[in-house]
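Counting along the sequence shown from 1, when you hit position 324 you're at 319 in my numbering, and nothing is skipped either side. Just so it is clear, CB atoms sit at the ideal spot from N, CA and C, and this is done for glycine as well. Okay, so here's the structure we're looking at.
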Amino acid sequence: MLVSKCPLNYILFEPRISKGGFRWKASASNEVPVEKWKQDSIFIDRRGRFRHFDHKKVSRKRCGSLRGRGWKYGSGFVDGIFPVLSPIAQQILTFIKTEKDPERIWSSLDTLRPTNHTWDDLINVAVQFRLNKQWDLIILMCEWILCRSSFQADVICYNLLIEAYGQSSLVKKAESTYLALVDARCVPTEDTYALLLKSYSKCGMIEKAEAVFSEMRKTGLPPSALVYNAYIDGLIKGRNSQKALAIFDRMKRESCQPSTDTYTMLINLYGKENKSYMALKMFNEMKTQKCKPNICTYTALVNAFARSGLCEKAEEVFEELQEAGLEPDVYTYNALMEAYSRAGYPQGAAEIFSLMQHMGCEPDRASYNIMVDAYGRAGLHEDAQTMFDEMTQLGIAPTMKSYMLLISAYSRNSNVSKCEEIVNQMQKSGVKLDTFLLNSILNLYGRLGQFAKMEELLTVIEAGPYNADISTYNILINAYGRSGFIAKMEEVFQSLPAKNLKPDVVTWTSRLGAYSKKKQYQRCLEIFEEMIDEGCYPDGGTAKVLLSSCSSEDQIEQVTTVIRSMHKNVKTVELV
-4 MLVSKCPLNY ILFEPRISKG GFRWKASASN EVPVEKWKQD SIFIDRRGRF
46 RHFDHKKVSR KRCGSLRGRG WKYGSGFVDG IFPVLSPIAQ QILTFIKTEK
96 DPERIWSSLD TLRPTNHTWD DLINVAVQFR LNKQWDLIIL MCEWILCRSS
146 FQADVICYNL LIEAYGQSSL VKKAESTYLA LVDARCVPTE DTYALLLKSY
196 SKCGMIEKAE AVFSEMRKTG LPPSALVYNA YIDGLIKGRN SQKALAIFDR
246 MKRESCQPST DTYTMLINLY GKENKSYMAL KMFNEMKTQK CKPNICTYTA
296 LVNAFARSGL CEKAEEVFEE LQEAGLEPDV YTYNALMEAY SRAGYPQGAA
346 EIFSLMQHMG CEPDRASYNI MVDAYGRAGL HEDAQTMFDE MTQLGIAPTM
396 KSYMLLISAY SRNSNVSKCE EIVNQMQKSG VKLDTFLLNS ILNLYGRLGQ
446 FAKMEELLTV IEAGPYNADI STYNILINAY GRSGFIAKME EVFQSLPAKN
496 LKPDVVTWTS RLGAYSKKKQ YQRCLEIFEE MIDEGCYPDG GTAKVLLSSC
546 SSEDQIEQVT TVIRSMHKNV KTVELV
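Shown next, in the form of structure tokens:
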């Protein structure tokens, strides 16, 4: 039985057997008859306008009017439209979101009448979950359709389930769903292959991803920009950027014209790698190929310059998008604010914050987080607190990131008591503390030499529900080493194997730094050799610390030679 609770009453949908099959009775808790719902023929088109359609002209194929029609991968629309949820569909959506017991959900879905309208409602609810990225609920619904309902699943249902499994990193289940689709004599669409390809590439299963390409060619369906985009997107999310760029090159060699989405993904990729110059090069190539940038493209480029702190370049792109006739959205304004924040100009970020409000664009949680961070980076903790308070007064609930940024602002001013107060406030608000946050407080204690508090907090982390990671002990090693407590530092370092933790480059560099301060050159070389033997390669920070331990020209030359040879060896390994 499907029950939807409202503030005033509730509605029960009860199946009754009659000569004509199923009959539905709606009753309310106040015994007032509820009017029968007439199917809504209103939908919102892609431009956001309300439109009507004639039900008599809508296909009534078995198991649903939307069966076999093109649910668009990447948009969540069905046949290019986004239908308004019917009252029954809204009841189903609300019930599934609030009910925690999967068996109760399935039992309630069992009572639904197996009609075309019901099928449409189920698919529309699943698409709504997709828009909200609620993959677990899509899996719950689609598994019920496949395993327990009397409906015969179509390619839309299979595609939704393949994507939900892929997004949940359940690649084996995504693959088995594809095989079930083939066994059910459903014809895989371009969307099917794109979703399967993205699942494989996201999890690093490149051979299986390439097999999907071969399968497409065998079936006479050459990979399109949509399929390539799914492959590239999966590789980027799987942190395989080099392969993603290689697939982009292959795409062009095979005369498949990259789309706006393709270029936008790669601009975003270069931005995240702090290669704003490459992001700009990709943007210029895009325009050369007569591929028109959209608002997402411009926002990705603004973000790329923002990450490099190039606020002037970011502002130029912002002006260019307006000249192109595009209206900045909250994401674009946030990207520009981030540029000023990272460049150390909080007042510039504040001006953009005021501008977006003046232009009728409401700031979101990310906007306030950026402003808290901008003031915090500049050491203006009072202004950061003002922005945080304004956010909460507007009813925007702070996230863990919001609290972390505020703590960081006070931490820069060494305000321990205020940081502790914020942590207590978080606990009172029901926000669960995590290891990352506790590590930041641990680091604050260590930086200020408050070792008693640091060790007390470490005991809490090790005993509580939190998992102490290598960063936790790196903080201790660094704090003890900087303060000259070599014995304590070595004690922590030697305890790592018993905790099943492997020292990383930060661990070794922090340990080196302790001896480097004392100019113990030979000891530094011994630790460096030990580091290499353990398979941990040095970075720029390690080289800098090692050089600082030198007290003669000969030692500097020796260290420089070692670092250069190590650099060449690493490059050779990468090439192989």
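Neighbourhood of residue i by C-beta distance below 7 Å, restricted to the same chain and skipping five residues each side
i    : result
S478 : G444
I481 : A509
G343 : C306 and Y335
Y440 : K448, M449 and L452
R559 : none
I262 : A274, M277, F278, T292, A295, L296 and A299
K413 : Y405
P109 : S145 and F146
T387 : P393
Among the options, nearest to residue i - alpha-carbon criterion
i    : options                   : result
T327 : M351, V418 and D186       : M351
W503 : P533, P492, N495 and K512 : P533
D178 : Q147, Q553, L192 and S81  : Q147
D378 : R337, Y363 and G390       : Y363
G530 : D499, T556, L174 and S303 : D499
M399 : V418, I522 and F243       : V418
L191 : A225, R212, S511 and S219 : A225
I465 : N434, V455 and L439       : N434
M421 : P393, R407 and G320       : P393
V222 : V122, D244, Y188 and E249 : Y188
G374 : G339, Q129, G355 and D244 : G339
E185 : V166, S171, A206 and P217 : P217
L165 : I140, R180, K193 and A301 : K193
N410 : Q317, H376 and C142       : H376
D324 : L135, R337, H353 and A169 : H353
T113 : S144, D384 and M526       : S144
M582 : F446, C356, S349 and F243 : With the chain running from -4 to 571 in the structure shown, residue 582 is simply not present.
W101 : E138, P82, Q129 and N111  : E138
I290 : Y258, S271 and E280       : Y258
The alpha helix (DSSP H) enclosing residue i, as first and last residue numbers
i    : result
D499 : Careful: D499 lies outside any alpha helix (DSSP H) and carries neither H nor E.
T537 : G535 to S543
S171 : V166 to D178
A392 : Per DSSP, A392 belongs to no alpha helix (DSSP H) and is neither H nor E.
G425 : Careful: G425 lies outside any alpha helix (DSSP H) and carries neither H nor E.
L117 : N111 to L126
P97  : P97 to D105
T454 : F446 to A458
K276 : S271 to T283
G479 : Segment: none, G479 is in no alpha helix (DSSP H) and carries neither H nor E.
T89  : P82 to T93
D528 : Y516 to D528
Q237 : S236 to R248
A189 : E185 to K197
Y223 : A220 to K232
S209 : I201 to K213
L261 : T255 to K267
6 Å Cβ shell around residue i - same chain, five flanking residues per side excluded
i    : result
F124 : L132 and I133
A591 : Because the chain is modelled from -4 through 571, residue 591 falls outside the range shown and cannot be assessed.
L230 : S196, K238 and A239
S511 : C519, V540, S543 and S544
A330 : T294, V297, N298 and A301
V120 : A84, I87 and L88
Proximal residues to residue i (C-beta, below 8 Å), its chain only, five neighbours per side dropped
i    : result
E552 : none
K282 : P288
S236 : L230, L264 and E268
G611 : Because the chain spans -4 through 571 in this model, residue 611 falls outside it and cannot be assessed.
L389 : none
Quiz item: Looking at C-beta atoms only, is the number of pairs between the segment 446 to 455 and the segment 422 to 430 that lie closer than 8 Å three or more?
Solution: no
Quiz item: Would you say the segment 180 to 199 touches the segment 158 to 165, given that touching needs at least three Cβ pairs under 8 Å?
Solution: The segment 180 to 199 makes contact with the segment 158 to 165; the number of CB pairs closer than 8 Å reaches 3 or more.
Quiz prompt | Validate contact between the segment 236 to 255 and the segment 268 to 288 using beta carbons, cut 8 Å, 3 pairs | solution = yes
Exercise. Would you list, in sequence order, the uninterrupted alpha helix (DSSP H) runs of no fewer than 4 residues that lie entirely inside the segment 303 to 333?
Key: 306 to 318
Quiz prompt | Segments of 3+ residues assigned as beta strand (DSSP E) that fall wholly inside the segment 335 to 386 | solution = For the segment 335 to 386, not a single whole beta strand (DSSP E) run of length 3 or above is found.
Exercise. Write down every uninterrupted run of the alpha helix (DSSP H) in the segment 133 to 167 whose length is 4 residues or greater and which is fully enclosed by it, in chain order.
Key: 150 to 162
Self-check item: Cβ contact (3+ pairs, closer than 8 Å) linking the segment 366 to 376 and the segment 403 to 417
Solution: yes
Quiz item: When the Cβ atoms of the segment 514 to 528 are set against those of the segment 485 to 495, are three or more pairs found closer than 8 Å?
Solution: no
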